[in-house]
Ligand code: PMP
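In this note's numbering, the protein residues as written are 518 to 893.
Here it is in structure tokens:
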């Protein structure tokens, strides 16, 4: 057959320069910003809806960036000894995967403490990367000895050369996003010209992200507001049942409610989450139901296999654009960036995903196939 494929002009190569990388850490980040045009149209949005697709980072999530940054900073400070150090970290899984990857490459042992609710897929990936994994009760309060944080602290006290890099307090967590995720978003928006088909303000006008430690939203916000557009509206997504949102009354109704989405929301305010009015302008509470419906919308319309918290960010963005942000939704060229933190391969065995995948409406082809294979 004749060769007819050539690189389409509308699909430039990813911006990472094509060269041999020393190891996997060179493939952390450098993720694409992708138009979610079909979702925008379905929701009558005139603005541009753009997804920052973090599952294309080498370890599969936005948290690779901070794992790399925290390990490299600790090395520069002489805190890690190859062959001796034991990196211990409480995490909802993705930071653990990033750390286990970095430590596999660099030769440090890893112990991850992780609440029971987090997926089997994350535990399997961690074990495959050589980490020890300890599960903790999901319902344990963050400051109790049984929580993932309490257990990590106990192990660190007892294990020689044990060190907690501490994503909840480590300044390199938000800094990694201020220095990489934020500038990547700004560069993609600034360097994409405005055209009649795709008008653009040339600026990041709105950023929407979920918060777990808060490092992602805080760091990206700082990059945008300090260097690019101080008037950018930063919208935080916080699951119902968590207490991170402001004003605090937003959280009252559902305090203590258990939720299924992984990686966002907490029962305490992490130090690295800056809730100052200037860094995060407004908050939206999200439900599991809306988040999973949004995941399905992204998969079916945009062909992107994102995880549960990506649905939360999109659901928060749509809620905001239909309410407070209506003037943005109605303005062609405004750029609304939604952070999509990880991919569905972290959640394949979860019942919420199996429901989406296996109980989906039959496609229009189902009848044709049945008629061919099982004629009556
Ligand atoms: N989504 C997922 C799937 C995550 O693992 C995390 C990290 N906990 C987040 C969102 C939130 O990121 P951050 O900790 O930077 O707020």
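No residue lacks a Cβ here, since even glycine has one placed at the ideal position from N, Cα and C.
Three-state secondary structure assigned by DSSP to residue i
i, result
"residue 775", "coil"
"residue 594", "coil"
"residue 887", "helix"
"residue 573", "helix"
"residue 579", "coil"
"residue 600", "coil"
"residue 726", "strand"
"residue 588", "helix"
"residue 546", "coil"
"residue 480", "Missing from the structure shown is residue 480; the chain here goes from 518 to 893 and no further."
"residue 541", "helix"
"residue 530", "The predicted model places residue 530 with a pLDDT of 46, which falls under 50 and marks its position as unreliable; any figure quoted below should be read in that light. Residue 530: coil per DSSP, three-state reduction."
Distance between residue j and residue i (C-alpha atoms, nearest Å)
i, j, result
"residue 849", "residue 757", "32 Å"
"residue 786", "residue 749", "24 Å"
"residue 721", "residue 851", "8 Å"
"residue 859", "residue 778", "12 Å"
"residue 691", "residue 593", "18 Å"
"residue 668", "residue 660", "10 Å"
"residue 802", "residue 846", "19 Å"
"residue 886", "residue 873", "21 Å"
"residue 884", "residue 799", "47 Å"
"residue 556", "residue 539", "39 Å"
"residue 894", "residue 711", "Because residue 894 is not part of the residues shown, which for the chain are 518 to 893, the question remains open."
"residue 882", "residue 889", "11 Å"
"residue 734", "residue 742", "12 Å"
"residue 706", "residue 752", "18 Å"
"residue 573", "residue 581", "11 Å"
"residue 797", "residue 634", "28 Å"
"residue 792", "residue 747", "16 Å"
"residue 609", "residue 780", "5 Å"
"residue 639", "residue 683", "19 Å"
"residue 695", "residue 880", "43 Å"
"residue 654", "residue 568", "33 Å"
"residue 602", "residue 545", "23 Å"
"residue 530", "residue 596", "Low per-residue confidence applies at residue 530: pLDDT is 46, beneath 50, and the placement is therefore not dependable, though the value from the model is reported in the following sentence. The alpha-carbon atoms of residue 530 and residue 596 are separated by roughly 38 Å."
"residue 876", "residue 693", "39 Å"
"residue 515", "residue 836", "Because the chain in this structure spans residues 518 to 893, residue 515 falls outside the shown range and cannot be described."
"residue 857", "residue 613", "18 Å"
"residue 759", "residue 709", "37 Å"
"residue 560", "residue 671", "49 Å"
Expected contact under 8 Å - CB spacing of residue i and residue j to nearest Å
i, j, result
"residue 808", "residue 828", "4 Å"
"residue 770", "residue 548", "So it is not a contact: roughly 35 Å between Cβ atoms."
"residue 648", "residue 666", "17 Å between Cβ atoms; not a contact."
"residue 566", "residue 553", "4 Å"
"residue 737", "residue 726", "7 Å"
"residue 784", "residue 658", "6 Å"
"residue 755", "residue 732", "Going by Cβ atoms, the distance from residue 755 to residue 732 rounds to 15 Å, so no, they are not a contact pair."
"residue 767", "residue 790", "That pair is no contact at about 15 Å."
"residue 611", "residue 636", "With 8 Å as the limit, residue 611 and residue 636 do not qualify as a contact, their Cβ atoms being about 10 Å apart."
"residue 616", "residue 588", "7 Å"
"residue 820", "residue 861", "Wrong, their Cβ atoms sit about 12 Å apart, outside the cutoff."
"residue 723", "residue 842", "7 Å"
N-terminal and C-terminal residue of the beta strand (DSSP E) that residue i is part of
i, result
"residue 567", "565–570"
"residue 626", "626–632"
"residue 551", "550–552"
"residue 853", "852–857"
Where the alpha helix (DSSP H) through residue i begins and ends
i, result
"residue 611", "611–623"
"residue 818", "805–819"
"residue 845", "843–846"
"residue 605", "Careful: residue 605 lies outside any alpha helix (DSSP H), inside the beta strand (DSSP E) at 603–607."
"residue 912", "Here the chain covers residues 518 to 893 and nothing more, so residue 912 does not appear."
"residue 871", "868–875"
Cβ of residue i within 8 Å of any chain C Cβ
i, result
"residue 576", "Of the protein chains in this structure there is only one, and it is not chain C."
Hey, which unbroken runs of the alpha helix (DSSP H) at 4 residues or more fall wholly within the stretch 642–723? As far as the stretch 642–723 is concerned, its whole alpha helix (DSSP H) runs of at least 4 residues are 665–675, 689–693, 699–707.
Can you list, in chain order, the stretches of the alpha helix (DSSP H) that have 4 or more residues and sit fully within the stretch 742–787? Secondary structure remark: continuous alpha helix (DSSP H) runs of at least 4 residues inside the stretch 742–787, in chain order: 766–769.
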